[in-house]
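Chains as they are written, first to last, in the working numbering: chain A, 1 to 304; chain B, 1001 to 1304.
Input: a single structure, listed below in structure tokens.
2 protein chains.
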Amino acid sequence: MSLVAVGTMAFDAIETPFGEVDKILGGAATYISLAASFYIRPVKAISIVGYDFEPHIIESLKARGIDMEGVQVKTQEKSFFWAGRYHNDMNTRDTLITELNVLANFDPVIPSSYQDCQYLMLGNLAPQTQQQVIERLEKRPALIVMDTMNFWMDTAMDSLLKAIGMVDVLVINGEEARQLTGQYSLRKAAHQILDMGPAFLVIKKGEHGALLFHEQEVFSAPGLPLEEVFDPTGAGDTFAGGFIGYLARTGDTSFENMKRAVIHGSAMASFCVEKFGPERLMEIDQRMLNERIREFVKLANFNL
Amino acid sequence: MSLVAVGTMAFDAIETPFGEVDKILGGAATYISLAASFYIRPVKAISIVGYDFEPHIIESLKARGIDMEGVQVKTQEKSFFWAGRYHNDMNTRDTLITELNVLANFDPVIPSSYQDCQYLMLGNLAPQTQQQVIERLEKRPALIVMDTMNFWMDTAMDSLLKAIGMVDVLVINGEEARQLTGQYSLRKAAHQILDMGPAFLVIKKGEHGALLFHEQEVFSAPGLPLEEVFDPTGAGDTFAGGFIGYLARTGDTSFENMKRAVIHGSAMASFCVEKFGPERLMEIDQRMLNERIREFVKLANFNL
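What follows is the structure in structure tokens.
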């Protein structure tokens, strides 16, 4: 199965109670692609970066099975930059700086070698851009998964609803599900979102795990209690990457297999938060991932 | 197996976004006993009430298999009274009124027929009172489960730590676990609490379920996504009642069986929040409980 991942590739500055970094690799497509590359290669990335996204970074991503042909490099501009500070509870954060740079005029280009795309992951981006990617694919992928955030609900709701109506799986967090629907109950919110078009909805709950909704079915994946959450940046994107990577590898979009995909996404995300940015994703191997998956099984397993 | 449940029996006034009641049956021992009575009868209650706790209320509890011999009735005083208002998110509340009344001088009396107690549930009360109950039992129960709250951490920490050191299972919520230990990570907090004495720790997370810790083991029980949380009052006590009721019925305190007990407690609590106070617990039957347990199995089940 072939997988295309769309989103930002960027630099972040991050402050947490444990320390800070002033420039680290970031961006939704980066995390998605790194996570998905544990399941399927190549991961065909679509993004845009600037002159500061140096060749050695591009090479390091290629070395992990990420196809960079769809990543435009603008030699006169800088890459997207985000700076944020996490509060002590690590669940809330302040955005300190957002410099769009190359992202201000992102017109996604789809290389012809990406046109066989069967699994499409739309990372958080302007919903118009997400729509453009779908429209520029000659054939609709077998499965389209989309992430978004509250910013687009505040500024581009019509366009967002149109994009949501075009996808198979929406992946958002609990607060976003509530804002999108005006429903406090996540079950009510979920059914309202499923009525907007997607056949599946994943609600991410951070340390509390994730919920998967489909028709009248619901599945609750646990959150692994960690000794320490060091930096939550990219955890949601990493979840999405593990989720669609697993689906693309197995080629099975049944509810039962989506449940497994949620567990794989959760396991990947549980690694992501253990170090700054994508550092931990760069360290782990297949054996560690398998071990972490077994921890999730043990965590959730009971027999009546 | 014989089960003794200690705690308040009281009246509550409750305001939620859905409505209000100015006087409804409440109290930790009430919820614990009602929930446990689905698993084992009699539930031997220890509490104290006033002249306003009318005979028909006592009879209605007796009719549900609750032994009221250990409930002192003070004919010159009123029952404990609590009034609270829930915020829109239903996760936070303001206490509007606390009238201790009979509770101000609660000196627990243990009827001789309670001395065979094998399972003891210490509902939230002053930790000195919880200690007194343990000390007044001639023989230590096979299993002591204790609930508490942040109020005792603020006002009686030494006494609370002593009580915690005397029990087998502590049941608290996430914020309380953090306050008790000063650790934000629930895994770190859990290991610190297990070092205080209890062999097991349950951390309740409301709509996000519950965690069970024992030595290096951890189990995550899901929270059932409900259409509506109508009134969360008593949900924690109801959880505790279902938890210890299941353990007392099965007579098995292994980690595997504790996991099942957490699921049963969670299922009971999921009913509690569907109506005001203990109303819903008064309506449900064994068939509905079994159906709810099956929903939890379906909710959490996955196979890799």
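For every residue, glycine included, the Cβ atom is placed at its ideal position computed from N, Cα and C.
All values derive from a computational prediction rather than experimental measurement.
* Asked: In chain E, which residues lie with their C-beta within 8 Å of the C-beta of L226/A?
  -> In summary, chain E is missing from the structure at hand, where the protein chains are A and B.
* **Residue ranges of each beta strand (DSSP E) within the segment 1161 to 1238 of chain B, 3 or longer** => Taking only runs of at least 3 residues, the beta strand (DSSP E) segments lying wholly in the segment 1161 to 1238 of chain B are 1169 to 1173, 1200 to 1204, 1210 to 1214, 1217 to 1221.
* Asked: By the criterion of Cβ-Cβ separation under 8 Å, what are the contact partners of N1088/B in chain A?
  -> Taking a Cβ-Cβ threshold of 8 Å, the residues of chain A close to N1088/B are Y184, in chain order.
* Is S1047/B helix, strand or coil by DSSP? -> Collapsing the DSSP output to three states places S1047/B in a strand.
* Ignore the nearest five residues each way along the sequence and tell me which others in K162/A's own chain have a CB closer than 8 Å to its CB. => Short of 8 Å from the beta carbon of K162/A, and not among the five residues preceding or following it, lie these beta carbons of its own chain, in chain order: P127, Q131.
* Could you please give the first and the last residue of the uninterrupted beta strand (DSSP E) stretch that includes D1094/B? => For D1094/B, the enclosing beta strand (DSSP E) begins and ends at 1093 to 1099.
* Rounded to the nearest angstrom, how far is the Cβ of F1106/B from that of I1048/B, given a contact under 8 Å? -> Going by Cβ atoms, the distance from F1106/B to I1048/B rounds to 5 Å, so yes, they are a contact pair.
* Cβ shell of W82/A (< 6 Å), same chain only, five flanking positions each side left out -> Residues D12, T98 of the same chain have their beta carbon placed closer than 6 Å to that of W82/A, with the five preceding and five following residues left out of the count.
* Short CB-CB distance (under 7 Å) between R41/A and chain B -> It does not: the Cβ of R41/A has no partner Cβ on chain B nearer than 7 Å.
* Environment of F1018/B [buried if 16+ CB atoms lie within 10 Å] -> Classification for F1018/B: exposed.
* Helix, strand or coil at R64/A [DSSP, three-state] -> Note: R64/A maps to coil in three-state DSSP.
* **Three CB pairs or more closer than 8 Å across the segment 1267 to 1287 of chain B and the segment 1227 to 1236 of chain B** => Verdict: yes, contact present.
* Taking 7 Å as the CB-CB limit, is F1081/B close to chain A? -> Not one chain A Cβ lies under 7 Å of F1081/B.
* To do: Indicate whether at least one CB of chain B lies closer than 7 Å to the CB of P222/A.
  => Interface residue, yes.
* Asked: Given a limit of 7 Å on CB to CB distance, which residues of the segment 255 to 275 of chain A reach chain B?
  -> Of all residues in the segment 255 to 275 of chain A, K259, R260, I263 have a Cβ within less than 7 Å of some Cβ in chain B.
* Under a three-way DSSP split, which group does D107/A fall into? -> If DSSP states are grouped into helix, strand and coil, D107/A belongs with coil.
* Asked: Among residues of its own chain, excluding the 5 on either side of L194/A, which ones have a beta-carbon nearer than 7 Å to its beta-carbon?
  -> In the same chain as L194/A, and ignoring 5 residues on each side of it, the C-beta atoms closer than 7 Å to its own belong to L201, F213, in chain order.
* Asked: Short check: CB of A1035/B to CB of I1066/B, under 7 Å?
  -> Cβ atoms of A1035/B and I1066/B: not closer than 7 Å.
* Nearest neighbour of A1269/B, chosen from K1188/B, E1054/B, L1289/B, G1123/B [CA to CA] -> Taking only the C-alpha atoms, the option nearest A1269/B is L1289/B.
* Expressed to the nearest angstrom, what Euclidean distance is found between the alpha-carbon atoms of G1007/B and V1145/B? -> Rounded to whole angstroms, G1007/B to V1145/B spans 12 Å at the Cα level.
* Asked: So who's on the other strand from G1277/B, going by DSSP bridges?
  -> Assignment of beta-bridge partners to G1277/B by DSSP yields no partner.
* Using 8 Å as the Cβ pair cut-off and three pairs as the minimum, do the segment 1215 to 1225 of chain B and the segment 234 to 241 of chain A touch? -> By the Cβ rule, the segment 1215 to 1225 of chain B does not count as touching the segment 234 to 241 of chain A, because fewer than three pairs are nearer than 8 Å.
* **CB contact check: V202/A to chain B, cutoff 7 Å** => Under the 7 Å criterion on CB atoms, V202/A is classed as non-interfacial with respect to chain B.
* In chain B, which residues lie less than 7 Å from V297/A when you measure between Cβ atoms? -> In chain order, L1304 make up the part of chain B whose C-beta sits under 7 Å from the C-beta of V297/A.
* To do: Verify whether the separation of the beta carbon atoms of Q118/A and S2/A is less than 7 Å.
  => Between Q118/A and S2/A, the gap from beta carbon to beta carbon is short of 7 Å.
* In chain A, which residues lie with their C-beta within 9 Å of the C-beta of A1300/B? -> Residues of chain A whose Cβ lies closer than 9 Å to the Cβ of A1300/B are, in chain order, F219, S220, A221, P222, A300, N301, F302.
* To do: Counting only the same chain and skipping the five closest in sequence on each side, list residues whose C-beta sits under 7 Å from that of Y1184/B.
  => The beta carbon of Y1184/B sits closer than 7 Å to those of R1178, all from its chain and outside the five residues before and after it, given in chain order.
* Asked: Are the beta-carbon atoms of S1079/B and F1053/B separated by less than 7 Å?
  -> Cβ distance < 7 Å, so S1079/B and F1053/B count as in contact.
* Asked: Quick one, which of L224/A, S60/A, P108/A, I134/A has its alpha-carbon nearest A267/A's?
  -> The option with the nearest alpha carbon to A267/A is L224/A.
* To do: Identify whether L304/A lies in helix, strand or coil by the three-state DSSP scheme.
  => DSSP places L304/A outside both helix and strand once states are collapsed to three, so it counts as coil.
* Counting contacts by CB-CB distance shorter than 7 Å, is H1214/B in contact with chain A? -> At a cut-off of 7 Å, the C-beta of H1214/B has no neighbouring C-beta in chain A.
* To do: With 7 Å as the threshold, decide whether the Cβ of H1191/B is near any Cβ in chain A.
  => No, no contact with chain A.
* Using a cut-off of 9 Å between C-beta atoms, extract the partners of H989/B located in chain A. => Absent from the structure is residue 989/B, since the part of chain B shown begins at 1001 and ends at 1304.
* To do: Closer than 8 Å by C-beta to G206/A: which residues in its own chain qualify, once you throw out the five before and the five after it? Chain order, please.
  => So the qualifying residues of the chain are N91, N173, G223, P232, A235.
* Asked: In terms of alpha-carbon separation, which member of A1104/B, E1138/B, L1103/B lies closest to L1120/B?
  -> Its Cα nearest to that of L1120/B, the residue E1138/B stands out among A1104/B, E1138/B, L1103/B.
* To do: Taking the CB atoms as reference points, tell me whether H1208/B and H264/A lie closer together than 7 Å.
  => When the beta-carbon positions are compared, H1208/B and H264/A stay at least 7 Å from each other.
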